[in-house]
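So the structure is just underneath, and the comments pick up after that.
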Amino acid sequence: MGRKVLVFGLDCGEPSLIFNRYKGQLPTLNRLMDGGTWGELRSVVPPITCPAWMCMMSSKNPGKLGIYGFRHRKKGADYGSMYLANSTTVKERLLWDELGDAGLKVGLLAIPQTYPLRPVNGWMVGDFLTPDIQSEYTFPSELKQEIAAEIGEYELDYSNRKEVPPEEVIAGVTSMTKKRFKVLRKFLQNKPWDFAMMHEIGLDRIQHYLWSYSDPTHHKYVKGNPYEGALLQYHKLLDQEIAEVLKLIPEDTVVMVVSDHGGKAMKGAFCINEWLIQNGWMTLKSRPASVSKLEKCDIDWTKTKAWAEGGYYSRIFLNVEGREPQGVVPQDQLKAVRDELKAQLEAVPDMEGMPMKNLVFAPEEYYPVANGDPSDLMAFFGDLQYRAAGTLGHPSLYLLENDTGPDDGVHDWEGICILFDPKQPGKGQVPELSILDVAPTILTKFGLPIPSDYEGKPIA
């Protein structure tokens, strides 16, 4: 007791950039690594912002949380009807619940899936899922006025998938990030805290928009383009902002820098619903005149056995008798039909006709328990390098672009972890770190017991 722990959460922090390509130009992170323990941090499946941060803060897998992405469909609901996961979806205790019960003050800034806010033993600023700053996005509520007095209008997020020029993306993300760090510095100085954590979504946003400008392996890369150094400059900004924060905290503070997943070049998108049509799993009454969302298409549900939602991966649903409004797959054949579809999807090649390395499974086959509203199948295409395009009306099964807006980059399985404890010698680079190890590591630094249902273990 008496020590402090400060965590910087960098959404989509990519180890090949931070640990290798950009390492020599990030002096603050280098110093933490040189004196600490660091390595690649294995994400969860799916490696997506939601649920990854809640898995990190609960030390539980997505199946236990019952959260498999941003969007979910309640079994038996209307076709295409989805709901968004938020804080009310999280039923498990989180790290700050354990800390608060031990009498420790917590400060939380923009952690995903914390909106709607609930009281904590300390203070909290809501995440990018908050509708707007007119909402109750702070706890206590009067923090709104303090934030406005410090930075003016707080920015919850930078618009994702919007068609804008690169310079506008760079300016927008930079502005948002600087404001968030300014709020963090203000609150760390004038509010009590034992544990504080901030999440920065800007790294995820800028990499999704601008990955192709700096990665020679990307099919859109043009050598010598004016934005070739944009990702490096943003990493430098993060490094500088972290340095300014570290000047303000006690010297014996434990510092962690973590990410929920990594990032890499996107090869394209696989049109999952078009494939289902071509292979007899879905039937249309008529083809859409242009690219359209599934719910706007004229589908013959009486002749459709499966349909899918797109995204970083595909959630595939079977049209089951007695469960769906117009179900056709008999209940006693559900597993056999699902296994047949799974085998076919695993064999789908990439756009060059080569093996695609698809990962397809039923949630109950992968997770020890699959709570909540899982889909019948989860399909990850091309080792994550292909997004799943859920829209219909495409002339091909493969796209070179995302079907829902600009996107140059996708997620990767490994994020980053840097642990710096001034009172404990670091171990340097270490292997086999898990995102589920973060919460037990922090509890250990406070000398607190690790709950018996935690799935991770302390890092050091």
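According to the numbering used here, the stretch in the sequence shown is residues -11 to 448, in order. Glycine included, each C-beta is placed from N, C-alpha and C at the ideal position.
| Item | Value |
| --- | --- |
| Mapping the DSSP letters down to three states, classify residue 256 as helix, strand or coil. | strand |
| Going by the beta-carbon positions, is the gap between residue 427 and residue 45 smaller than 8 Å? | yes |
| Who are the near neighbours of residue 16 in its chain, counting only those whose CB is closer than 6 Å to its CB and skipping five residues on each side? | 227, 230, 231 |
| So, with DSSP's three-state summary, where would you put residue 192? | helix |
| Using 8 Å as the threshold, is the stretch 71 to 84 in touch with the stretch 48 to 61, meaning 3 or more CB pairs across them? | yes |
| Going straight from the alpha carbon of residue 406 to that of residue 105, what length do you get? | 28 Å |
| Cβ atoms of residue 385 and residue 295: under 8 Å apart, would you say? | no |
| Give me whichever residues DSSP pairs with residue 402 in a beta bridge. | 30 |
| Check this for me: beta carbons of residue 282 and residue 329, under 8 Å apart or not? | no |
| Under 6 Å Cβ to Cβ from residue 285, same chain only, skipping five residues before and after it: list those, please. | 276, 380 |
| Is any non-hydrogen atom of the ligand MG found closer than 7 Å to the C-beta of residue 315, if you look at the structure I gave you? | Questions concerning the ligand MG fall outside what the structure shown contains, since it holds no ligand whatsoever. |
| Go to residue -4, then tell me how far its alpha helix (DSSP H) extends in each direction, as first and last residue. | It is not in any alpha helix (DSSP H) - residue -4 instead sits in the beta strand (DSSP E) that spans -7 to -2. |
| Drop a sphere of 10 angstroms on the beta-carbon of residue 317, count the other beta-carbons inside from all chains shown, and report buried for 16 or more, exposed for fewer. | buried |
| Is it the case that the Cβ atoms of residue 401 and residue 299 are separated by a distance below 8 Å? | no |
| What is the residue span of the alpha helix (DSSP H) that residue 354 lies within? | 351 to 354 |
| Would you mind working out which of 293, 207, 337, 437 sits nearest residue 324, comparing C-alpha positions? | 293 |
| Under 8 Å: do the stretch 126 to 133 and the stretch 155 to 170 share three or more Cβ pairs, one atom per stretch? | no |
| If contacts are defined as beta-carbon pairs under 8 Å, then residue 138 and residue 174 qualify, I think. What distance do you get, rounded to the angstrom? | 5 Å |
| Relative to the C-alpha of residue 199, which residue among 181, 274, 68, 254 is closest? | 254 |
| Since residue 87 and residue 183 are thought to touch, with beta carbons under 8 Å apart, how far apart are those beta carbons, to the nearest angstrom? | 5 Å |
| Measure the Cβ-Cβ separation of residue 396 and residue 215 and say whether it is below 8 Å. | no |
| Between residue 243 and residue 409, what straight-line distance do the alpha-carbon atoms span, to the nearest angstrom? | 7 Å |
| Nearest to residue 122 by alpha carbon, out of 141, 392, 110, 107? | 141 |
| What residue range is occupied by the uninterrupted beta strand (DSSP E) comprising residue 324? | Not the beta strand (DSSP E): residue 324 falls in the alpha helix (DSSP H), residues 322 to 334. |
| What does the alpha-carbon distance come out to for the pair residue 100 and residue 40? | 9 Å |
| Tell me, to the nearest whole angstrom, how far the beta carbon of residue 191 is from that of residue 0; I am working on the premise that it is less than 8 Å. | 5 Å |
| Mind checking whether residue 237 and residue -6 have CB atoms under 8 Å apart? | yes |
| Could you tell me which whole beta strand (DSSP E) segments of length 3 or greater appear in the stretch 338 to 398? | 347 to 349, 365 to 368, 374 to 377 |
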